[in-house]
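Structure record follows, encoded as structure tokens.
In this note's numbering, the protein residues as written are 12 to 275.
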């Protein structure tokens, strides 16, 4: 049995997202350093003292400098991250070859393939899940691949891993998308909550339990962890459109990347 892809529908418009900004403290430190460098020659040129006071006065008079430096710093960091991941994907193309074990929707021979690495307890993943489903509806000619990448477990808390296994079990019964969206919509996810989602969506619990414990499921999740590490992925969600990642997780940026890949 296979899951049914969502039917085409118009993608709703949303305001642009601003996700995962770098720490402001680091940017401020950079800004102070830049201003300090620019003023470093002042005592030698004017003979004036109180260098620290000059820096402070300049920043107080021009606070926009902090925002400008922070923006530039973040843009440079994002550009470097994107370039590093894209280079790693190009160097390890075999890792991104179609894997029949992954839930996937859309034509197998699609010109454009979108791959999402995600965790069911990731706030960003949850925030964009409905928009991502809308993208699937809006682009029935695109292949969408779901990479279950549970990375948010800590210590004895293995809820993310359990949720990923449960979703893969639902996929075996042709109920992946319904379970996926329900898990994304559930805050404070627990094992009991995962089981409740499975039951509510008509998943046979005995069959699901077998898949959850299956060594084949172990291997699939281990392989996805290896892919993430090899490509240098740093968090969830990460989107790859024809092997190239996006600088942000904004659905508008993913949509633009899809459009560019189609045009190319």
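Just so you know, even glycine gets a beta-carbon here, dropped at the ideal spot from N, CA and C.
N- and C-terminal bounds of the beta strand (DSSP E) containing residue i
{"i": "residue 124", "result": "124-129"}
{"i": "residue 252", "result": "249-252"}
{"i": "residue 154", "result": "154-159"}
Distance between beta carbons of residue j and residue i, contact taken as under 8 Å
{"i": "residue 208", "j": "residue 193", "result": "5 Å"}
{"i": "residue 156", "j": "residue 125", "result": "7 Å"}
{"i": "residue 223", "j": "residue 258", "result": "With a Cβ gap of about 35 Å, residue 223 and residue 258 do not count as contacting."}
{"i": "residue 129", "j": "residue 160", "result": "6 Å"}
Distance, residue j Cα to residue i Cα
{"i": "residue 168", "j": "residue 92", "result": "29 Å"}
{"i": "residue 261", "j": "residue 175", "result": "23 Å"}
{"i": "residue 272", "j": "residue 250", "result": "13 Å"}
{"i": "residue 105", "j": "residue 253", "result": "13 Å"}
{"i": "residue 268", "j": "residue 191", "result": "23 Å"}
{"i": "residue 88", "j": "residue 143", "result": "25 Å"}
{"i": "residue 212", "j": "residue 200", "result": "16 Å"}
{"i": "residue 112", "j": "residue 189", "result": "18 Å"}
{"i": "residue 275", "j": "residue 218", "result": "43 Å"}
{"i": "residue 147", "j": "residue 77", "result": "39 Å"}
{"i": "residue 264", "j": "residue 149", "result": "15 Å"}
{"i": "residue 108", "j": "residue 90", "result": "25 Å"}
{"i": "residue 231", "j": "residue 110", "result": "10 Å"}
{"i": "residue 256", "j": "residue 95", "result": "10 Å"}
{"i": "residue 173", "j": "residue 185", "result": "19 Å"}
{"i": "residue 171", "j": "residue 162", "result": "7 Å"}
{"i": "residue 183", "j": "residue 140", "result": "21 Å"}
Which of helix, strand or coil DSSP assigns to residue i
{"i": "residue 106", "result": "helix"}
{"i": "residue 186", "result": "coil"}
{"i": "residue 165", "result": "strand"}
{"i": "residue 241", "result": "helix"}
{"i": "residue 52", "result": "Note that residue 52 has pLDDT 46, beneath the 50 cutoff, so the model's placement of it is unreliable and the number below is only indicative. It is coil, neither helix nor strand."}
{"i": "residue 139", "result": "helix"}
{"i": "residue 271", "result": "helix"}
{"i": "residue 115", "result": "strand"}
{"i": "residue 256", "result": "strand"}
{"i": "residue 67", "result": "helix"}
{"i": "residue 230", "result": "helix"}
{"i": "residue 176", "result": "helix"}
{"i": "residue 97", "result": "helix"}
{"i": "residue 134", "result": "helix"}
{"i": "residue 191", "result": "helix"}
{"i": "residue 262", "result": "helix"}
{"i": "residue 72", "result": "helix"}
{"i": "residue 170", "result": "helix"}
{"i": "residue 78", "result": "helix"}
{"i": "residue 90", "result": "helix"}
Where residue i falls, given that 16 or more other Cβ within 10 Å makes a residue buried
{"i": "residue 51", "result": "Confidence at residue 51 is low in this model, with a pLDDT of 49, below 50, so the placement of that residue should be treated as unreliable; the coordinate-derived value is given next. Classification for residue 51: exposed."}
{"i": "residue 154", "result": "buried"}
{"i": "residue 132", "result": "buried"}
{"i": "residue 73", "result": "exposed"}
{"i": "residue 236", "result": "exposed"}
{"i": "residue 210", "result": "exposed"}
{"i": "residue 137", "result": "buried"}
{"i": "residue 82", "result": "exposed"}
{"i": "residue 240", "result": "exposed"}
{"i": "residue 122", "result": "exposed"}
{"i": "residue 127", "result": "buried"}
{"i": "residue 195", "result": "buried"}
Residue i beta carbon near the ligand FMN (any heavy atom closer than 7 Å)
{"i": "residue 274", "result": "Among the components of this structure there are no ligands whatsoever, and the ligand FMN is therefore not found."}
Boundaries of the alpha helix (DSSP H) in which residue i is found, first to last residue
{"i": "residue 224", "result": "216-224"}
{"i": "residue 206", "result": "202-211"}
8 Å Cβ cutoff, residue i in contact with chain B
{"i": "residue 261", "result": "Looking for chain B here will not work: only one protein chain is present."}
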